[in-house]
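Just so you know, the protein sequences line up as chains A and B, in that order. The first sequence maps to residues 1 to 290 in the working numbering. The second sequence maps to residues 291 to 636 in the working numbering. Have a look at the structure below, then the notes.
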Amino acid sequence: MSRYQGNKVNPSHLALSQIKFYLLLLPMAIFMMLPIIYIFTTAFKPADELFKFPPAFLVVNPTFENFKMLFERMATTAVPASRYLFNSILVAVLTVLLSVVLAVTAGYILSKKEFRGKKLLFEINTLALMFVPIAVSIPRFIIIVNLGLTDQFIANIMPIIAMPVGLFLIKQNIDQVPDSLIEACYMDGGHELDIIFRVIIPMTKPAIATIAILSFQSAWGNIEASSLYINNESLKTFAYYISSFTSGNTGGIGQGLAAASALIMFLPNFIIFIFMQSKVMDTMANSGIK
Amino acid sequence: MKKKLVGGYKPQKKSTTSVQGNKWSLLLMAPYLIGFFLFIILPVLVAIVLSFTNFDSITRPDFVFFNNYTYMFTEDTVFMQKVLPNTILFAAIVGPTSFILSFLLAWLLAQVPKLPRTILALLIYSPSLVGGIAMQVVWVVIFNGDANGYLNSFLLNSGLIEEPIQWLQSTKHLFPIMCLVTIWGSSGVGFLSMLSGILNVDSQLYEAAYIDGMKNRFQELIHVTIPSMKPQLLFGAVMAIVNTFQAGAIGVQLSGSNPTPDYSGQLIVNHIEDYGFIKYEMGYASALSFVLLLFIYITSKIVNRILGTDERKKKLPPKDIDENILPSMKLNKEEEDSANVAVSRQ
């Protein structure tokens with residue numbers, strides 16, 4: 001039996017011997033998916049099905065009632081729903097752009113330049129991977145107040161654009177870019193910015209996509225800023241608004257509204273991830289902490 | 291993937307620098323550093339300083355030395371009897387379980403071909419895409435206290451219970467539910483990292499190990515896979531820790547009240563909010579923050595020691611591989627190290 005039978009990990013074809021793995025994986029995948037299936041079915045349930053007893057898991061006559069009601073209900077408040085949605089999209093786009101720019105520029109310097117304290121800086125950043133924002137929500141609040149950022153739109157963005165995990169991933173991936181390419185770019189009279197645009201960005205696209213996804217997720221679901229730093233309703237985000245009216249809404253119609261809003265929060269993350277998943281996996285190959 | 295990028299090139303130690311380059315280095319580094327300092331380093335420092343003061347957020351903080359800490363450990367009975375044990379128990383259950391589960395799922399996924407793997411990985415990863423608010427919505431309905439809750443209705447119909455159970459308001463059930471929900475949402479970035487780590491183990495390592503007499507998948511896992519992907523394991527572990535502590539607000543989200551019923555689901559994070567934003571005792575809340583950060587730091591040190599990738603503690607044996615057997619090992623250091631481990635274990 002000691003004869004080499006070919007690599008068992010990452011097989012290229014389906015085989016009968018793999019059945020045992022599916023038997024373990026499928027139940028797990030179903031368990032993970034159940035709550036998400038629930039969101040989908042409930043979001044499209046009409047009122048009579050929401051009030052049905054005992055509750056049915058699947059939807060019989062799907063409708064868009066809940067989404068319509070969700071937006072109508074929001075429209076009755078001082079600020080229209082579209083405003084919250086617009087704020088959220090703007091926050092997400094700006095956060096993604098800024099966090100990518102910050103991570104790429106800093107990652108390039110940290111990876112390819114020699115300076116004093118470089119190793120220490122990267123170690124601090126690696127330590128900061130463990131940073132848990134809610135642990136220091138109070139000092140963060142005090143800092144925001146002292147910077148005069150309360151009730152400013154950028155309070156939604158500023159605190160989350162420096163992402164330790166983003167810098168970490170991009171630095172690990174820029175490490176894989178050969179120095180010879182950078183030197184060649186210097187020879188051609190290239191500037192630091194040329195190197196970033198012509199060498200670093202084209203060669204680390206998967207990592208950039210990954211950071212973009214991670215920062216999108218953190219911005220899209222962020223309610224810290226809206227609930228603590230901003231009092232002006234017209235500057236708050238969709239996530240905050242949904243969280244403010246879904247809590248305590250667990251029966252009947254409220255359930256349908258809650259599921260509809262959960263779906264609105266979930267779908268963008270899910271769709272973006274489906275399109276980017278191969279790039280994310282490429283990036284993760286260099287994600288180890290050494 | 292990685293191979294394509296590396297392409298047999300060995301990175302050099304020194305890179306190009308010039309005077310003009312230095313100015314640009316600073317300029318390019320500065321935006322990140324400012325954000326990093328203001329919203330990550332500074333909050334930690336402020337928490338430490340404030341933890342030695344009495345601060346109600348209006349009047350000037352006055353210095354009280356270690357009063358907050360002595361109060362925490364001698365007089366705050368809620369903290370010592372409920373919050374601290376809860377937090378330790380929660381971390382001890384959720385952290386290791388989610389880490390091991392993520393690893394096992396990643397390993398199982400690596401045993402099947404690409405298409406089913408991608409689909410299943412997406413399904414398993416998706417809970418972490420749901421995010422805090424939506425997650426709360428789903429689980430609150432599933433565990434709803436009246437007969438309309440999914441779990442209650444299921445149990446009533448199958449005759450297992452007579453009356454609906456107040457899952458989220460009961461001191462007995464809230465804590466296990468918190469653990470379950472957090473574990474459910476825990477297969478995130480760390481899981482992807484470990485999956486990628488397993489898939490990227492050099493296939494020639496397996497080949498070499500089989501030549502040396504390795505027989506089955508279990509040996510493969512112990513002798514080749516795990517030693518080769520320790521960096522990813524460590525990353526996964528750090529992410530598991532973060533995920534565990536970041537989920538600290540889950541009890542309040544599920545039960546809908548802070549404090550949670552009879553403090554049964556109260557974790558340090560909730561206690562911080564209770565003191566900071568409800569009672570406005572910012573100094574004491576900061577002391578709690580600092581204790582939590584210390585807690586996270588110590589946990590990560592323990593994990594670091596267990597996984598043992600810290601090079602200062604564990605020096606790998608010198609390069610003694612026959613390059614004719616494993617020619618690809620010259621590619622980069624990471625793979626060279628893992629090869630050393632794999633070979634030395636035989």
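Each residue gets a CB set at the ideal place from its N, CA and C atoms; glycine is no exception.
If you check each beta-carbon in the segment 23 to 36 of chain A against every beta-carbon of chain B, the ones closer than 9 Å belong to Leu24, Leu25, Leu26, Met28, Ala29, Ile30, Phe31, Met32, Met33, Leu34, Pro35 and Ile36. For Ser12 of chain A, the neighbours in chain B by C-beta distance under 9 Å run, in chain order, Pro403 and Lys404. Secondary-structure assignment with DSSP links Asn344 of chain B through a beta bridge to B:Asp352. A residue is called buried when at least 16 other Cβ atoms come within 10 angstroms of its Cβ; Lys505 of chain B does not meet this threshold and is exposed.
The count of Cβ pairs closer than 8 Å, one atom from the segment 82 to 95 of chain A and one from the segment 156 to 167 of chain A, reaches three, so the stretches are in contact. Using a Cβ distance threshold of 8 Å, Lys236 of chain A and Ile242 of chain A do not count as a contacting pair.
With its beta carbon at least 8 Å from every one in chain A, Ala530 of chain B lies outside the interface. For Arg140 of chain A, the neighbours in chain B by C-beta distance under 7 Å run, in chain order, Phe329 and Pro333. Approximately 11 Å separates the beta-carbon atoms of Ala577 of chain B and Gly566 of chain B; this is outside 8 Å, ruling out the contact. In the three-state DSSP reduction, Lys505 of chain B falls in the coil class, being neither helix nor strand. Annotated as distal: Val79 of chain A and Ser278 of chain A, with beta-carbon spacing of 8 Å or more.
Under the Cβ distance rule, Ala381 of chain B does not count among the residues neighbouring chain A, no pair being separated by less than 8 Å. Nearest CB-CB separation between Ala424 of chain B and chain A: below the 8 Å threshold. Using a CB distance cut-off of 8 Å, Tyr241 of chain A does not count as an interface residue toward chain B.
Chain-order list of chain A residues neighbouring Met370 of chain B: empty, with the shortest C-beta distance near 19 Å, by a criterion of under 8 Å.
At a beta-carbon threshold of 9 Å, none of the residues of chain B lie near Thr95 of chain A; the nearest stands roughly 11 Å away. Taken through DSSP and simplified to helix, strand or coil, Gly541 of chain B comes out as helix.
Here DSSP, grouped into helix, strand and coil, assigns Val79 of chain A to coil. At a cut-off of 8 Å between beta carbons, Gln536 of chain B contacts chain A. Taking Leu129 of chain A as the centre and dropping the five residues before and after it, the same chain places the C-beta of Pro164, Val165 and Phe168 closer than 7 Å to its C-beta, in chain order. Separation of Phe64 of chain A and Arg83 of chain A (C-alpha to C-alpha, rounded to the nearest whole angstrom) is 21 Å. Against Leu399 of chain B, the close residues of chain A are Phe21 and Leu25, in the order they occur along the chain (beta-carbon pairs closer than 9 Å). The beta carbon of Leu328 of chain B sits closer than 6 Å to no other beta carbon from its chain once the five residues preceding and following it are set aside. For Met69 of chain A, no chain B residue has a C-beta closer than 9 Å to its own C-beta; the minimum C-beta separation is roughly 15 Å. Below 8 Å, enough C-beta pairs join the segment 450 to 464 of chain B and the segment 547 to 556 of chain B to call them touching: three or more. Between the segment 91 to 111 of chain A and the segment 188 to 197 of chain A, the count of Cβ pairs shorter than 8 Å is three or higher; the stretches touch. The beta carbon of Ile201 of chain A sits closer than 8 Å to those of Val104 and Ile208, all from its chain and outside the five residues before and after it, given in chain order.
Within the segment 472 to 491 of chain B, the residues whose Cβ lies closer than 8 Å to some Cβ of chain A are Trp474, Ser477, Val479, Leu482, Ser483, Leu485, Ser486, Gly487, Ile488, Leu489, Asn490 and Val491, listed in chain order. For Leu25 of chain A, the uninterrupted alpha helix (DSSP H) run begins and ends at Ile19 to Ala43, by DSSP. At least one C-beta of chain A is nearer than 8 Å to the C-beta of Ala337 of chain B. Spatial neighbours of Ile213 of chain A in its own chain (CB-CB distance under 7 Å, excluding positions within 5 residues in sequence) are listed in chain order as Ile272, Phe273, Met276 and Val280. Residue contact check for Glu192 of chain A against chain B: a CB pair falls below 8 Å.
Secondary structure note for Gln459 of chain B: it is in no alpha helix (DSSP H), with a DSSP letter that is neither H nor E. Interface with chain A (8 Å Cβ-Cβ cutoff): Val559 of chain B is included. For Phe525 of chain B, a Cβ of chain A is located within less than 8 Å of the residue's own Cβ.
Listed by position along chain B, the residues whose Cβ is nearer than 9 Å to that of Ile143 of chain A are Leu328, Phe329, Leu332, Pro333 and Val336.
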